[in-house]
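S.K.: Protein chains in written order, with this note's numbering: chain A, 1249 to 1718; chain B, 1249 to 1718.
Heads up, the beta-carbon is just placed ideally off N, CA and C, and yes, glycines get one too.
Supplied in structure tokens, the structure appears directly below.
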């Protein structure tokens, strides 16, 4: 161990941190199970060192040294992942990207901005808004996640229905590869120049490289916006107009539909009991946003929707970036998590019914609910939240795993995809073959092995570890 | 040679064609240089056999047998590529996908359709239109290209500004890998489940697998459309409102802007001399299309645009899928080709000026012109056409290569990307490192080697061949 730390220090000096307060803070992300295990006295390992990189060259140096020592390397940005994408094993070096922070360049005419990968999301967005621009990417975690983390996890924002997911927003990446080489992917809005290399790293979750710079394609802040809300006789009744508005080509940035239980929780006054609340944000040039709001309203009302007080939407906007802490819930004996999946339209209600039914059969289940918040021409996501209170603290881990197994199984049984935007991490790793097939796992593993022959980048994450690992 | 053909015949029977009329017809695509070399008596090799696959299993069988014999394999769809993506070398087996034809499934509610990869584009689109639907992908080659070819080459259609390029339209792929295994990529509109495996094959140009089925996300045919045209005082003057309309968030499916020389060629009556013609198609719900057409018209007129007779647009629509034949031009002693590149907004005029100037300095150059036909928030493409008449037939190949070298160099000198939508093939292969760097080439080569260790799929295409090839 000392060898690798000495070598890192020789090259990177004070950027190599071994103090336990620092290493302990980089052991894991905010995965609910990790929080629970931590509380129960089974924490993730602290890394042997944290490299607080200040430049791409620092990341490359750390990568080369770790490779020479065959030491596992885990990249750490905001640490806000919820799937166990970071859960450090023995003898690991963490590379923090947080020092790669700030705006590197901005071109208001070209609508491009380049950020250090460790720039916090909220800071990046505020810097753009000062210029009348927006990234248009609003994950709930925006204040606790980094721009590089958005890329590594294939994130979605709350405005994705109109503005796309992170893969639709990223123009160019700089990535340090497992061999320490530095890749820049491209410099134009579109290319037919072989496979799109950005896509190797969007969703790679730290297993194929470390993202060091991110260039995004921006938008001007919208001239006008309209917020409106409608409630419907249940989730299925409200999905029909959502499907129809997507079909007709309307693209409100925000289209969020809550099941009746979540509607009660979030919109107590504005949404009557047993009704499903749909909230909408329309943005753009005033004429376009006005026409869209009016046409979508007509479509909702034709489908049985009743207009709700739009102050309910304002309330959601006010709270939309609050991130819950699992710790206090765990301390209260509660097992809690969120699980987002996706499917084409015709399977959505079946998946909703099957997952909530299966979760409700878990002993001690207090609540299993869902909303949908990202819509496409051919389908949408479902975002489940469950809260269970097992009889004993000892059974909390088993109950947690049972809930996930039930949600994954019910989704797969009804032709859904197991992961919409939180990623795979460790919580879904053993279900990935159900999503992309054994052949997909083989392809990803072959690519992993080609770029990272010693399987050093975030081992145990995303993919099962090979049995022949060195 | 006999060995591999016998083994193919033993497994695939009459699907293995060795008649010279068949093999000769599968030697190459419609690359201008290949046409010229053919005419000058240096044709591509005929393959030793053409496997006319009738099923995915046929493709997988052919792939396994070729791998066992270490025989190169080239996939052939419509053969309409223009970059030398197909230019068969010695001892090669061609797998034709044309028998993998037709609609496999259609879901009008989910807006999804699955086609055999060998379905001709025009046929696929007409089948959808019978149901009031559209794929929304209109390459000029739609009547001579296959759906699988669109994927393999990362194609763009004429409606891309509103409806996206092929990567925005494809939902799921079935691909036969170099080892004969069959990959299905996913079944949902969006996933954060590791790197997007579809992207490995979008633009792989036959080097990483053979696409056998393609599922697309459809659109209903638009309720309403508006065609309009404006002419401006030159290309630069007209680019400003195009950039502005993209910036404001308008998304006309068709945004085509011709330089003054092309405007004279295509719109003789409707466009005065020295003016640059912009043609626009707005589509969607009637209210939305009407608002967009009106706002974009105001923006064009404010920027100095003069409304032209919209029958000019109708004329373009009438002729838009006519594909020229290079053969008669070559026979007339002309060297002709098209070269599409891309850049962010601020470099476009510089690239236009530099490429047309450099091409005009080629001895015998008759015409070097351009239009832009695919716009994005952060930039657009440029599509150059050149026609030269060298002094002697012997110099035609050198002139051709000189024209390409000049266009590539001028584009790179001005920060452009070398390939917007025709792909790399053989004509751009030696420039690919300028686009994605030596590191990008290394990454692609490592992936190629991992999936295709003997480098058998379309060797010599897209990537330089490794020097240590078996």
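Using only the alpha-carbon positions, how far apart do residue 1701 of chain B and residue 1411 of chain A sit?
M.R.: Rounded to the nearest angstrom, the two C-alpha atoms are 40 Å apart.
S.K.: Going by DSSP, what residue range makes up the beta strand (DSSP E) through residue 1461 of chain B?
M.R.: 1458–1465
S.K.: Please determine, among B:1656, B:1269, B:1438 and B:1579, the residue with the shortest C-alpha to C-alpha distance to residue 1743 of chain A.
M.R.: The question about residue 1743 of chain A has no answer here: the residues shown for chain A are numbered 1249 through 1718.
S.K.: Kindly indicate if chain B contains any beta-carbon less than 8 Å away from that of residue 1528 of chain A.
M.R.: Residue-level contact check: residue 1528 of chain A does not touch chain B, since none of the beta carbons of chain B fall below 8 Å from its beta carbon.
S.K.: Would you mind sorting residue 1605 of chain A into buried or exposed? The rule is 16 or more other CB atoms within 10 Å of its CB.
M.R.: exposed
S.K.: Please work out which residues of its chain come closer than 7 Å, Cβ to Cβ, to residue 1395 of chain A, disregarding the five sequence neighbours upstream and downstream, and give them in chain order.
M.R.: 1363, 1365, 1367, 1369, 1372 and 1462
S.K.: Tell me where the alpha helix (DSSP H) around residue 1697 of chain B begins and ends.
M.R.: 1680–1699
S.K.: Three or more beta-carbon pairs under 8 Å between the stretch 1292–1301 of chain A and the stretch 1330–1346 of chain A, yes or no?
M.R.: Three or more beta-carbon pairs drawn from the stretch 1292–1301 of chain A and the stretch 1330–1346 of chain A are found closer than 8 Å, and the two stretches are therefore classed as touching.
S.K.: For chain B, check one thing: does any of its Cβ atoms lie closer than 8 Å to the Cβ of residue 1405 of chain A?
M.R.: no
S.K.: How is the beta strand (DSSP E) around residue 1323 of chain A delimited, first residue to last?
M.R.: 1321–1324
S.K.: Got a sec: is the Cβ-Cβ distance from residue 1614 of chain A to anything in chain B below 8 Å?
M.R.: no
S.K.: Are residue 1554 of chain A and residue 1529 of chain A close, meaning C-beta to C-beta below 8 Å?
M.R.: Contact: no.
S.K.: Taking 7 Å as the limit between beta carbons, can you name the residues of its chain near residue 1262 of chain A, skipping five residues before and five after?
M.R.: none
S.K.: Under 8 Å, do residue 1452 of chain B and residue 1443 of chain A count as touching if we go by C-beta distance?
M.R.: yes
S.K.: How long is the line joining the alpha carbons of residue 1636 of chain B and residue 1383 of chain B, rounded to whole angstroms?
M.R.: 37 Å
S.K.: With 9 Å as the limit, tell me which residues of the stretch 1578–1611 of chain A have their beta carbon closer than that to any beta carbon of chain B; keep them in chain order.
M.R.: 1588, 1589, 1590, 1591, 1592, 1593, 1594 and 1595
S.K.: How would you write the range of the alpha helix (DSSP H) that residue 1531 of chain A sits in, first residue to last?
M.R.: Residue 1531 of chain A -> not in any alpha helix (DSSP H); beta strand (DSSP E) instead, spanning 1524–1532.
S.K.: With 8 Å as the limit, tell me which residues of the stretch 1433–1448 of chain A have their beta carbon closer than that to any beta carbon of chain B; keep them in chain order.
M.R.: 1433, 1434, 1435, 1436, 1437, 1438, 1439, 1440, 1441, 1442, 1443, 1444, 1445, 1447 and 1448
S.K.: Could you tell me whether any Cβ in chain B is nearer than 8 Å to the Cβ of residue 1662 of chain A?
M.R.: no
S.K.: What's the gap between the Cα of residue 1617 of chain B and the Cα of residue 1440 of chain A?
M.R.: 21 Å
S.K.: Within the stretch 1563–1594 of chain B, note down every full beta strand (DSSP E) run reaching 3 residues or more, in order along the chain.
M.R.: 1583–1592
S.K.: With a CB to CB cut of under 6 Å and the five nearest residues on each side skipped, what residues in its chain are close to residue 1494 of chain B?
M.R.: 1623 and 1625
S.K.: Whose C-alpha, out of B:1498, B:1675, B:1584 and B:1515, is nearest the C-alpha of residue 1556 of chain B?
M.R.: For the residues B:1498, B:1675, B:1584 and B:1515, the minimum Cα distance to residue 1556 of chain B belongs to B:1515.
S.K.: Quick one: give me the first and last residue of the alpha helix (DSSP H) that residue 1660 of chain B is part of.
M.R.: Here the alpha helix (DSSP H) through residue 1660 of chain B covers 1644–1661.
S.K.: Considering only C-alpha positions, which residue in the set A:1326, A:1657 and A:1471 is nearest to residue 1300 of chain A?
M.R.: Of the listed residues, the one whose Cα sits closest to residue 1300 of chain A is A:1326.
S.K.: Return helix, strand or coil for residue 1629 of chain A, following the three-state DSSP convention.
M.R.: strand
S.K.: Using a Cβ-Cβ distance cut-off of 8 Å, determine whether residue 1533 of chain B contacts chain A.
M.R.: Interface criterion met: the Cβ of residue 1533 of chain B is under 8 Å from a Cβ in chain A.
S.K.: Take residue 1500 of chain B and list the residues in its own chain whose beta-carbon comes closer than 7 Å to its own, dropping the five residues that flank it on each side.
M.R.: 1409, 1410, 1528, 1529, 1530, 1540 and 1544
S.K.: Taking only beta-carbon atoms, is residue 1422 of chain B less than 8 Å away from chain A?
M.R.: no
S.K.: With contact counted as at least three CB pairs below 8 Å, one residue from each stretch, are the stretch 1282–1289 of chain B and the stretch 1682–1690 of chain A in contact?
M.R.: no
S.K.: Hey, quick one: how far does the beta strand (DSSP E) through residue 1615 of chain A stretch, first residue to last?
M.R.: 1613–1620
S.K.: Pick out whichever of B:1578, B:1710, B:1706 and B:1523 has its Cα sitting closest to the Cα of residue 1322 of chain B.
M.R.: B:1706
S.K.: Within 8 Å of any Cβ in chain B, is that where the Cβ of residue 1394 of chain A sits?
M.R.: no
S.K.: Assuming residue 1506 of chain A is part of the beta strand (DSSP E), what are its boundary residues?
M.R.: Per DSSP, the unbroken beta strand (DSSP E) holding residue 1506 of chain A starts and ends at 1502–1506.
S.K.: With DSSP as the reference, identify every bridge partner of residue 1362 of chain B, one or two as the case may be.
M.R.: B:1353 and B:1463
S.K.: Spell out the partners DSSP gives residue 1624 of chain A in its beta bridges.
M.R.: A:1627
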